[in-house]
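Student:
Numbering (the working numbering), first residue to last: 27 to 450.
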């Protein structure tokens, strides 16, 4: 009798473990491939709320509508009602956090929002085949942009997010734009020292760092202290005092109207610049610069724009799985190529880096080169929120010449303290 009871208890324990595993690690199907889905839900009808940027839902040329139709073709087992609304990737994080339960089931967001979304319970951890898809489809840099401090993955990268150099080829040659110092002997350059995202480019170039090599080590903080910070500040002061430098927030109008021969921005401004400059438009990764006799690489913060799933989307049994399948499809090679073809959004998928059209696109190559050779990961830690205000203020103070060669060391010391001790 005891042996029979023991066998029954053992069988119940095994069944319990299987049930837990099925609930916590649903198996995906790597985007659009029919098959390989071990968790097909019993329910077949779902309403899915989706947030993407306005441009993805443009009337008459909607990438999102095309992808939803394609997903339905790949999954005839589901009947889906789509509830689409527009939301920019930069705004999605705050919108989700404001009301997690009422937010979209599937939404696009910039990866620097990842930490606060997780804190608020607004972003699902990807497991099983879904996490495997992210790791199979992306290089290490992109994987790191959606990996949190628990080493788990929380989003599907769909495009890169960084900035690089645009220039007028009548003013600068392809050789000139390798060096900022050379450029300033030949024409005017606009430097974006007036925004938090871009003002740190000289500091990061001289060796200042954000939460270690991976951007995920909160214990090491942000290191702008000492000689590396002083060298950067002195270079910024030197640049602002150069008659061939204009500076402020990120601005492409000054290149369009001919006030400068070069400026900095991202792929989102490519179409307007192509229209304005035509064949005279050149693009390149960020240039190098010389400070205190040493050459450094001007360095951007780079990340990804991703698609994520709200963990509160399981209002109907099985809906969470279907939402994650759809998010995975939006990040698939097929969907990213369609978005590039329809909207010019440069894909993150590693297979598409060698796509014939992407490889021949100078905008895409400038972005990829900057990410690979002239950037650090934009941290998604919640502590990154302490960065933006102080660095932007420092840049604006340099522009206003309130930080100069008489006080720059104290200004850098104060900046480093503010970055690591918010509330001072």
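Each residue gets a CB set at the ideal place from its N, CA and C atoms; glycine is no exception. Nothing here was measured: the structure is a model prediction, and the numbers come from that model.
Taking all protein chains shown into account, do 16 or more other C-beta atoms lie within 10 angstroms of the C-beta of residue 422, making it buried, or fewer, making it exposed?
Tutor: The count along the chain shown starts at 1 and reaches residue 422 at position 396. Label assigned to residue 422: buried.
Student: Is the distance from the Cβ of residue 171 to the Cβ of residue 137 below 8 Å?
Tutor: Within the chain shown, numbered from 1, the residue matching residue 171 stands at position 145. Within the chain shown, numbered from 1, the residue matching residue 137 stands at position 111. Yes, they are a contact pair.
Student: Would you list the residues sitting across from residue 136 in a DSSP beta bridge?
Tutor: As a first step, residue 136 is located in the chain shown; it is residue number 110 there, counting from the start. 331, per the DSSP bridge assignment.
Student: Inspect the CB distances between the region 307 to 322 and the region 346 to 358 and report whether three or more fall short of 8 Å.
Tutor: no
Student: Indicate the three-state DSSP secondary structure (helix, strand or coil) for residue 279 in the structure shown.
Tutor: The residue you call residue 279 lines up with position 253 of the chain shown. Three-state DSSP puts residue 279 in a helix.
Student: Cα separation between residue 419 and residue 221?
Tutor: One-based indexing of the chain shown puts residue 419 at position 393. One-based indexing of the chain shown puts residue 221 at position 195. Each residue's Cα considered, the two are about 8 Å apart.
Student: Helix, strand or coil: which one does DSSP assign to residue 149?
Tutor: Walking along the chain shown from the start, residue 149 turns up at place 123. Reduced to three states, the DSSP call for residue 149 is coil.
Student: Distance, Cα to Cα, residue 47 vs residue 346?
Tutor: In the chain shown, counting from the first residue as 1, residue 47 sits at position 21. In the chain shown, counting from the first residue as 1, residue 346 sits at position 320. Low confidence applies here, because residue 47 scores a pLDDT of 32, under 50, leaving its location unreliable and the question unanswered by this model.
Student: Is it buried or exposed for residue 105, if we count other Cβ within 10 angstroms and need 16 for buried?
Tutor: Numbered from 1 along the chain shown, position 79 holds the residue referred to as residue 105. Exposure of residue 105 is indicated by the presence of fewer than 16 other C-beta atoms within 10 angstroms of its C-beta.
Student: So, with DSSP's three-state summary, where would you put residue 218?
Tutor: Here residue 218 refers to the residue found at position 192 of the chain shown. In this structure, residue 218 counts as coil in the three-state DSSP scheme.
Student: Using only the heavy atoms of the ligand NAP, determine whether one of them is closer than 7 Å to the beta carbon of residue 421.
Tutor: Ligands displayed in this structure: none; no statement on the ligand NAP is therefore possible.
Student: By DSSP, does residue 106 sit in helix, in strand, or in coil?
Tutor: Here the question's residue 106 lines up with position 80 in the chain shown. Residue state, collapsed to three classes: strand.
Student: What is the C-beta distance between residue 296 and residue 370, in whole angstroms, given that I count them as a contact (C-beta under 8 Å)?
Tutor: For this step, residue 296 is matched to residue 270 along the chain shown. For this step, residue 370 is matched to residue 344 along the chain shown. Yes, residue 296 and residue 370 are in contact; Cβ-Cβ is about 7 Å, under 8 Å.
Student: Is residue 430 helix, strand or coil by DSSP?
Tutor: Here residue 430 refers to the residue found at position 404 when the chain shown is read from its first residue. Coil, per DSSP.
Student: So what does DSSP say about residue 293, is it helix, strand or coil?
Tutor: As a working note, residue 293 is residue 267 in the chain shown. Of the three classes helix, strand and coil, the one that applies to residue 293 here is helix, per DSSP.
Student: Could you tell me which of 434, 404, 431 and 416 sits nearest to residue 235, measuring between CA atoms?
Tutor: Your numbering for residue 235 matches position 209 in the chain shown. Comparing Cα-Cα distances from residue 235 to each of 434, 404, 431 and 416, the minimum goes to 404.
Student: Would you report the Cα separation of residue 278 and residue 71, rounded to the nearest angstrom?
Tutor: Here the question's residue 278 lines up with position 252 in the chain shown. Here the question's residue 71 lines up with position 45 in the chain shown. In a straight line, the C-alpha of residue 278 is about 47 Å away from that of residue 71.
Student: Can you grab the Cα-Cα spacing for the pair residue 445 / residue 102, in whole Å?
Tutor: Your numbering for residue 445 matches position 419 in the chain shown. Your numbering for residue 102 matches position 76 in the chain shown. Here the alpha carbons of residue 102 and residue 445 stand approximately 52 Å from one another.
Student: Cα-Cα, which of 292, 348, 359 and 340 is closest to residue 326?
Tutor: Within the chain shown, numbered from 1, the residue matching residue 326 stands at position 300. Of 292, 348, 359 and 340, the residue nearest in Cα terms is 292.
Student: Which ranges would you report for the beta strand (DSSP E) in the region 383 to 447 if only whole runs of at least 3 residues count?
Tutor: 401 to 403
Student: Measure the C-alpha to C-alpha separation of residue 218 and residue 98 and round it to an integer number of angstroms.
Tutor: To locate residue 218, count along the chain shown from 1; it is residue 192. To locate residue 98, count along the chain shown from 1; it is residue 72. The alpha-carbon atoms of residue 218 and residue 98 are separated by roughly 44 Å.
Student: Buried or exposed: where does residue 107 fall if 16 or more other Cβ atoms within 10 Å of its Cβ makes it buried?
Tutor: Here residue 107 is taken as the residue at index 81 of the chain shown, counted from 1. Exposed is the call here.
Student: Would you mind reading off the limits of the alpha helix (DSSP H) that contains residue 192?
Tutor: Along the chain shown, read from residue 1 onward, the residue named residue 192 stands at position 166. Segment 190 to 194 is the beta strand (DSSP E) holding residue 192; no alpha helix (DSSP H) there.
Student: The alpha helix (DSSP H) spanning residue 263 covers which residue range?
Tutor: Here residue 263 corresponds to residue number 237 of the chain shown, with the count starting at 1. Taken as a continuous stretch (DSSP letters only), the alpha helix (DSSP H) holding residue 263 covers 253 to 266.
Student: Whole-angstrom Cβ separation of residue 148 and residue 126, contact assumed at under 8 Å?
Tutor: Locating residue 148 in the chain shown gives position 122, counting from the first residue. Locating residue 126 in the chain shown gives position 100, counting from the first residue. 5 Å between Cβ atoms; contact.
Student: Taking 8 Å as the threshold (beta carbon to beta carbon), is residue 405 in contact with chain B?
Tutor: Although the question refers to chain B, the structure presented lacks it and comprises just one protein chain.
Student: State the beta-bridge partners of residue 186 as determined by DSSP.
Tutor: Numbered from its first residue, the chain shown carries residue 186 at position 160. Beta-bridge pairing links residue 186 to 330.
Student: What's the gap between the Cα of residue 237 and the Cα of residue 165?
Tutor: For the purposes of this step, residue 237 is taken as the residue at position 211 of the chain shown. For the purposes of this step, residue 165 is taken as the residue at position 139 of the chain shown. Spanning the two alpha carbons is a distance of roughly 21 Å.
Student: For residue 438 versus residue 200, is the C-beta distance shorter than 8 Å?
Tutor: On the chain shown, residue 438 is found 412 positions in, with the first residue counted as 1. On the chain shown, residue 200 is found 174 positions in, with the first residue counted as 1. No, they are not a contact pair.
Student: Quick check: the Cα distance between residue 381 and residue 188, rounded to an integer number of angstroms?
Tutor: Stepping through the chain shown from its first residue, residue 381 is reached at position 355. Stepping through the chain shown from its first residue, residue 188 is reached at position 162. Their backbone Cα atoms lie some 20 Å apart in a straight line.
Student: Considering only residues of the same chain and omitting the five flanking positions on each side of residue 399, which have a CB-CB separation below 8 Å?
Tutor: Walking along the chain shown from the start, residue 399 turns up at place 373. Excluding residues within five positions, the ones whose Cβ falls inside 8 Å are 311 and 323.
Student: Taking the straight line between their C-alpha atoms, what separation do you get for residue 246 and residue 177?
Tutor: Residue 246 sits at position 220 when you count from the first residue of the chain shown. Residue 177 sits at position 151 when you count from the first residue of the chain shown. In a straight line, the C-alpha of residue 246 is about 17 Å away from that of residue 177.
Student: Using only CA atoms, which one of 183, 202, 184 and 185 lies nearest to residue 192?
Tutor: Locating residue 192 in the chain shown gives position 166, where the first residue counts as 1. For residue 192, the nearest C-alpha among the options comes from 202.
Student: When the Cβ atoms of the region 359 to 368 are set against those of the region 84 to 91, are three or more pairs found closer than 8 Å?
Tutor: yes
Student: For residue 411, count the other beta carbons within 10 Å of its own beta carbon; 16 or more makes it buried, fewer makes it exposed. Which is it?
Tutor: One-based indexing of the chain shown puts residue 411 at position 385. When all chains shown are included, residue 411 counts as exposed.
Student: Report buried or exposed for residue 162, applying the criterion of at least 16 other Cβ atoms within 10 angstroms of its Cβ.
Tutor: Stepping through the chain shown from its first residue, residue 162 is reached at position 136. With fewer than 16 other Cβ atoms within 10 Å, it is exposed.
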